[in-house]
Amino acid sequence: MIYSFIGYYSLTLGLIISLPIFFFSIKNLKNNKILDNKIISFSFIQLLLVVISFFGLILSFVYSDFSNETVFNNSHTTKPLFYKISGTWGNHEGSLMLWLIVLTFFSFLFLISNKNHPKNYRLYTLVIQNLLILGFLIFILFNSNPFSLIAPTPQEGLGLNPILQDPALAIHPPLLYIGFVGSSIYFSAAIASLISGYADKSFAKSIKSWVLISWCFQTLGILVGSIWAYYELGWGGFWFWDPVENASLLPWFAMTALLHSIMVLEKRNLFYFWVIILCLITFTLSVMGTFLVRSGILNSVHTFASDPNRGVYILLFLSLIIFCSLYFLFRKYEAKRYFINFNSKETFVLINNWFMMFYLITVLIGTIYPIFTDVISKNKVSVGPPFYNSLLIPVVVIFLIFMAIGPKTKWIRNNYFNLKVLTTILIASIFINFLIGYFVKSYSFLSNVIIISSLFLIISSLIDFIETINKPKFDISRIISHFAFGLLILSIGLNHIFSIEKDFNIKLGETKNFDSYQLKLQKLELKNFPNYKAVIGELVINNKEKNVIDTLSPEIRIYNNPQTITYEAAIKTNLLKDYYLTMSNVDRSDYYNIKFQKKPFMIWIWISIIMISLGGFLRFFKNAKKDY
198 MIYSFIGYYS
208 LTLGLIISLP
218 IFFFSIKNLK
228 NNKILDNKII
238 SFSFIQLLLV
248 VISFFGLILS
258 FVYSDFSNET
268 VFNNSHTTKP
278 LFYKISGTWG
288 NHEGSLMLWL
298 IVLTFFSFLF
308 LISNKNHPKN
318 YRLYTLVIQN
328 LLILGFLIFI
338 LFNSNPFSLI
348 APTPQEGLGL
358 NPILQDPALA
368 IHPPLLYIGF
378 VGSSIYFSAA
388 IASLISGYAD
398 KSFAKSIKSW
408 VLISWCFQTL
418 GILVGSIWAY
428 YELGWGGFWF
438 WDPVENASLL
448 PWFAMTALLH
458 SIMVLEKRNL
468 FYFWVIILCL
478 ITFTLSVMGT
488 FLVRSGILNS
498 VHTFASDPNR
508 GVYILLFLSL
518 IIFCSLYFLF
528 RKYEAKRYFI
538 NFNSKETFVL
548 INNWFMMFYL
558 ITVLIGTIYP
568 IFTDVISKNK
578 VSVGPPFYNS
588 LLIPVVVIFL
598 IFMAIGPKTK
608 WIRNNYFNLK
618 VLTTILIASI
628 FINFLIGYFV
638 KSYSFLSNVI
648 IISSLFLIIS
658 SLIDFIETIN
668 KPKFDISRII
678 SHFAFGLLIL
688 SIGLNHIFSI
698 EKDFNIKLGE
708 TKNFDSYQLK
718 LQKLELKNFP
728 NYKAVIGELV
738 INNKEKNVID
748 TLSPEIRIYN
758 NPQTITYEAA
768 IKTNLLKDYY
778 LTMSNVDRSD
788 YYNIKFQKKP
798 FMIWIWISII
808 MISLGGFLRF
818 FKNAKKDY
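Numbered by this note's numbering, the letters in the sequence shown go through residues 198 to 825 in order.
And the structure:
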């Protein structure tokens, strides 16, 4: 109970500390002196109090303090220590605490790290950031208090959802929240820029690193969540257009467009207001994702809550953010005409932005359309992969080509592409695609085009690497990210074309034949574990010559607290393919349902996304070194 008291009163003091931060910030704006040290001190104290409060919640979970309602609802004495700690943010209240700690940390870090930028600009950013902090503090303390007490103290807790008891789910929220919440700092900086007049190239330099770091963590957060869904939910795929998945993808599109636009603003002093708009959109989409997840209007395995009261507060908060953003934007907005040569780099950055906005709008429509139809007509409508695939996949082809050509252009002046080189790359791409189809399998026209365009980007990136490695402007970060994106699309295309999926019922000792495989349920074993028992199958996979390929052991787990049945996939991974097996029991029979999947190049999907984020991190450290 003591940790809950410490956590609650630390959080309350953090709310109170907001007042002197506002007071001294506004007071300091009225003079031309250097930044008041009191502001830095109070900001640090606020951060320290939030950290103490967060650790108070962690310790409440670690020591199974069931007098704390959040702990009681989401933990159990038999839960392993690692999942007790990660369970801190595996619920609605705790996840908001994670939001808050990232908000305050970024606020303090921005204040002390941007010393080369004007004081007024930093102070306005701090004031706006603290308004966001204040909003979340009020929401947490009065609507989603993680330190609410119950009496008498229960002897045992209800436990954590078993599918959340996973290493990937332990690190997925922190990574994603650094991306989500990290966007708050350049949202605040954008409004501060409009108010203070600190704009153009200087503004671009002040937010560039912040956009990069949030983009990198957002990418890794999406990756870890996708890997978790792959092996934990039994889907056997990397993306299913789940509404909550989409909620994390939407800000990523905006961040990607913003990253490229900042480059133009810094180099050419163009697109200032477009950069501002993207800053506002990114954070707005992040808060909207929070609203969708916590309002209860989405049906997803990822949802934290179904309390409409929470949703109403976040909706009001979101509306206020949008209103204030639009107010400051239209107050300062000036329509400008830019002269841009068609063959210049800035043109291709602009084209990149158009693609990102198309992806964003398409996914946004697919995500919120079922909500509107449900509200208006009470009809449940599901928007699934066919909708997204039919709209997005053809456009990706054109996007990949522009990604390959864009880096070969120059700033400002016209320069014509080396058609000989581009033609050679295209011929090589077509030839490799022909070899794939000839030796492995024939596939559709669209699949051919996707493979060719992804190979076009990959080969083009490799040539860029060879041509520029010894030159002063060698951009390894961009080359890695573009190469990896091409590899990602290629891996997805090959995965789709050559996947095998079979679903059948089988009993112990029985053998099933399909395609060039033979599968036998050889053994069933019941094992007891600390917080669950499991039925473990032993399935032998043979080829058509009856040679053993591998033995996989999927599980049916029966958890005690809470009483839940989960189906754990068995996966065998190598560089070329995954063998993926799930097993579930068929009611009132000796049969088990087996889902067998052969998923080519799955590991390369994960590797390519890691490489994309690596490119971002390399650029971040390069910028940090330059600034230092």
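Glycine is no exception: its CB is placed at the ideal position from the N, C-alpha and C atoms.
- Here W296 is buried, its C-beta having at least 16 other C-beta atoms within 10 Å.
- Listed as beta-bridge partners of V732 by DSSP are L723 and I753.
- Apart from sequence neighbours up to five positions away, the residues of its chain that approach V594 with a beta-carbon distance below 7 Å are V646, I647 and S650, ordered along the chain.
- Under the DSSP assignment, F653 falls in the alpha helix (DSSP H) whose first and last residues are F642 to T665.
- In this structure, the CA atom of F569 is about 13 Å from the CA atom of L489.
- Around the beta-carbon of S587, fewer than 16 other beta-carbon atoms lie within 10 Å, marking it exposed.
- L749 is a Cβ neighbour of K769, given a cutoff of 8 Å.
- The three-state secondary structure of F263, taken from DSSP, is coil.
- Considering only Y428, P567 and G287, the residue with the shortest C-alpha distance to F584 is P567.
- The beta-carbon separation of L373 and Q415, rounded to 7 Å, stays under the 8 Å limit for a contact.
- W608 counts as exposed, since fewer than 16 other C-beta atoms from the protein chains shown sit within 10 angstroms of its C-beta.
- As computed with DSSP, M780 is found in a beta bridge with I791.
- Of K276, A454 and A348, the smallest CA-CA separation from P759 is found for K276.
- For K224, the enclosing alpha helix (DSSP H) stretches over residues I199 to L226.
- Annotation for F636: the continuous alpha helix (DSSP H) segment containing it runs L616 to F636.
- Cβ contact annotation for F333 (same chain, cutoff 8 Å, sequence separation greater than five): L293, W296, L297 and L300, in chain order.
- Rounded to the nearest angstrom, the gap between the Cα atoms of D397 and S458 is 12 Å.
- Under the DSSP assignment, Y764 falls in the beta strand (DSSP E) whose first and last residues are T761 to E765.
- Taking the CA atoms as reference points, I802 sits about 7 Å from I689.
- Residue pairing of Q715 in beta bridges, as defined by DSSP: N710 and N739.
- Bounds of the alpha helix (DSSP H) holding D397 are D397 to E429.
- Nearest neighbour of L456 by Cα position, chosen from A444, S406, F480 and N443, turns out to be S406.
- The alpha carbon of F814 has as its nearest neighbour, out of C413, S222 and N271, the alpha carbon of C413.
- The three-state reading of DSSP puts E290 in helix, counting H, G and I together.
- According to DSSP, D747 shares a beta bridge with I738.
- With fewer than 16 other beta carbons inside 10 angstroms of its own, R528 counts as exposed.
- Contact between L346 and G284 is ruled out by a C-beta separation of about 18 Å, above the 8 Å threshold.
- Pairing E543 with V461, the inter-Cα distance amounts to about 6 Å.
- Within the same chain, Cβ atoms closer than 8 Å to the Cβ of F269 are found at F263, I347, P351, G354 and L355, the five residues on either side in sequence being excluded.
- The continuous alpha helix (DSSP H) containing F599 extends over residues P582 to I602.
- Distance from S403 to M452 at the Cβ level is roughly 17 Å; contact not present, criterion being Cβ atoms closer than 8 Å.
- With a 10 Å radius around the Cβ and a threshold of 16 neighbouring Cβ atoms, G706 comes out exposed.
- Distance from the Cα of K224 is smallest, within the candidate group T267, V248 and K316, for K316.
- In the three-state scheme derived from DSSP, where H, G and I count as helix and E and B as strand, N342 is classed as coil.
- Closest in C-alpha terms to F303, from the list L811, S215, I382 and I804, comes I382.
- By the 16-neighbour rule on beta-carbons within 10 angstroms, G211 is buried.
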